[in-house]
Amino acid sequence: MAGSPHARKRQRSLGYWGHRFLSWRRWFRSFGSQATRQRAIVRRDERRIPKGLDVEGDSGIAHRVVDRTELFDGQSKPLQPYNLTHEIVHRLSLTRETIANPNPVLDCNLTSEDIVVRFGNTLMGTGGRTPYHIHIFGDGRIEQVLPLTIRGAHANGYNWRSVAVALIGNTDERACSLAQYDALIWVSRALRGLNKGLAVEGHTYLPGASNDPYKRCPGLYLDMNKVRAAVSDCPVVTGDVWKGAEMVGFVV
Ligand SMILES: [Zn+2]
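Now the structure itself:
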């Protein structure tokens, strides 16, 4: 290239010092791009979880992370990723008939589409908005419905600063499946990797977060201390924590 007629012409037109300036700038910039490249490689190696692929939890169970953010209808306010303080864990089961839920559905038949449609009903208590960012189904499948830059409608006073993760099933009456628990740990670690200092908490353990004082969410069969202990060893990422977030399968 340097010897091409075009380059020679440019060199002539810039003059000696003009050319020297350009080559100096190219040399200076090469440091920046090299450092950026190196950072990207470190991140990729640290996470090793490319978007959309199957990931493996502690128990050796494979989980598929599925991007379902196309289901989001644009009805919620934005969430500022840098303000996040909590990952809030919920249970979701619509097996009982109530005024708000006239058509009960078995946990194994519940889908992300179904959840979005059912919570579009304002009687469900979310103002017609989609409640959770991430659904974890009985088979360990992880589906992200809301981007992490959009608020869920899930916990009074915490929506503006938390990510909502829902286990499908009634964990106040029975334990979740091993695959589900394993997926929850994976999700919690990945979220903490994205945002250092993100506290993992159960919905009703947060004072005032529910309108129903008798509600237990996620309930008796999910030990939040155990969850916290399991994710406490995850690597803390410093610096621009939300860049490269797509590498862990979450849409930011
Ligand atoms: Zn809840």
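Position one of the sequence shown corresponds to residue 919 (my numbering), numbered consecutively onward.
No residue lacks a Cβ here, since even glycine has one placed at the ideal position from N, Cα and C.
Since the model is a prediction, treat every value here as computed from it, not as a measurement.
Taking C-beta atoms as the reference points, His-981 and Gly-1056 fail to come closer than 7 Å. Of the residues Ile-1054, Ser-1011, Cys-1026, Ile-1033, the one whose Cα lies closest to the Cα of Thr-1048 is Ile-1033.
Counting C-beta pairs with one atom in each stretch, the stretch 1074 to 1082 and the stretch 996 to 1007 have three or more that are closer than 8 Å, which means they touch. In the structure shown, the three-state DSSP call for Pro-996 is strand. According to DSSP, Arg-1009 shares a beta bridge with Leu-1085.
Within the stretch 1098 to 1139, the complete beta strand (DSSP E) segments at least 3 residues long are 1117 to 1120, listed from N- to C-terminus. Around the beta carbon of Pro-1131, fewer than 16 other beta carbons lie within 10 angstroms, which makes this residue exposed.
In the structure shown, Ala-1148 adopts helical secondary structure according to DSSP, grouped into three states. About 18 Å separates the beta carbon of Ser-1011 from that of Leu-1096, a gap too long to meet the 8 Å contact definition. For Leu-1102, the closest of Pro-1065, Thr-1122, Asn-1088, Val-1149 by C-alpha to C-alpha distance is Val-1149.
For Arg-1036, the enclosing alpha helix (DSSP H) has its first and last residue at 1030 to 1036.
When Cβ pairs closer than 8 Å are counted between the two stretches, the stretch 1035 to 1054 is seen to touch the stretch 1062 to 1077, the count reaching three or more. In this structure, DSSP gives Asp-1025 a helical state, which the three-state scheme calls helix. Between ligand 1 and Cys-1152, a heavy atom-to-CB distance of less than 6 Å is absent. By a beta-carbon distance limit of 8 Å, Val-1169 contacts Pro-1065. Their separation comes to about 5 Å.
Cys-1094 has its Cβ no nearer than 6 Å to any heavy atom of ligand 1. Taking Arg-986 as reference, the option from Asp-1025, Glu-1031, Glu-974, Glu-1015 with the minimal CA-CA separation is Glu-1031. Arg-1079 carries a helical assignment under DSSP once its states are collapsed to helix, strand and coil.
Those residues placing their Cβ nearer than 5 Å to any heavy atom of ligand 1 are, following chain order, His-1008, His-1121, Cys-1135. Rounded to whole angstroms, the gap between the alpha carbons of Ala-1147 and Arg-1110 is 13 Å.
Look at Glu-1015 here: in three-state DSSP terms it is coil, with no helix or strand label. Take the alpha-carbon of Pro-1136 and the one of Arg-1009: they are about 5 Å apart.
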